[in-house]
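In the UniProt record's numbering, the protein residues as written are 1 to 159.
For each residue, glycine too, the CB sits at the ideal point set by N, CA and C.
None of the values given here were measured: they were computed from a predicted structure.
Single-structure report; data block below.
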Amino acid sequence: MDRRTFLKATAIGSIATGIGSTLAAAERYFPTKVDQSLFEGTNRVKDPAKKTPLEKSHAPAISAPASVKAGEPFTVEVSVGEKLHVMGPAHWIEYIALAIGNEPAGRIDLQPKGFLSPRVTFTVVIPKEAAPAGKVTLVASQHCNLHGTWESSLDISVV
């Protein structure tokens with residue numbers, strides 16, 4: 001065997017071994033299979049009367065007063081799912097965000113460390129000019145590392 005053939009065989013063997021060990025490590029550390037279609041856009045609950053287990057644990061749940069007074073602070077609680085999403089080293093919520101219509105109101109970034117309950121309380125003030133029709137839409141979104149971005153909305157009246 002000449003030197004060139006030896007080097008080619010060694011390089012190909014090293015690459016094959018590297019790919020194999022990378023795949024084995026990925027299977028060991030991330031055993032949960034990921035549905036890639038969940039990452040193609042923003043996910044929303046399709047039928048509120050018949051939520052799937054995935055929708056129940058990933059769609060943000062917004063808790064806010066039905067009516068608020070313009071210019072006065074109120075709280076909005078956003079939790080990830082009706083059944084609170086579990087957080088662990090292999091499956092976590094990366095962030096929770098709140099918007100008033102298209103205007104960002106706040107965002108909390110979470111770490112994949114520890115075992116947290118992904119629930120956030122925002123204090124919001126809506127000026128009268130932000131609700132000319134007397135109502136606004138609160139939009140909550142969150143991103144799960146295994147199940148993509150999820151969004152929910154809630155209309156509230158502003159007096």
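The alpha carbon of A70 has as its nearest neighbour, out of P53, K135 and S37, the alpha carbon of K135. Bounds of any beta strand (DSSP E) do not take in L54; it lies within the alpha helix (DSSP H) bounded by P53 to H58. Pairwise C-beta distances place the segment 99 to 106 out of contact with the segment 81 to 91, as fewer than three of them are shorter than 8 Å. Taking a contact as a CB-CB distance under 8 Å, the pair V125 and E72 counts as one, their CB atoms being some 7 Å apart.
Rounded to whole angstroms, the gap between the alpha carbons of A131 and L146 is 36 Å. Inclusion of S63 and E40 in the CB contact set at 8 Å is not warranted, their separation being larger than that value.
DSSP, reduced to helix, strand and coil, places Q36 within a helical segment of the structure shown.
Under DSSP, the beta-bridge partners assigned to K135 are S157.
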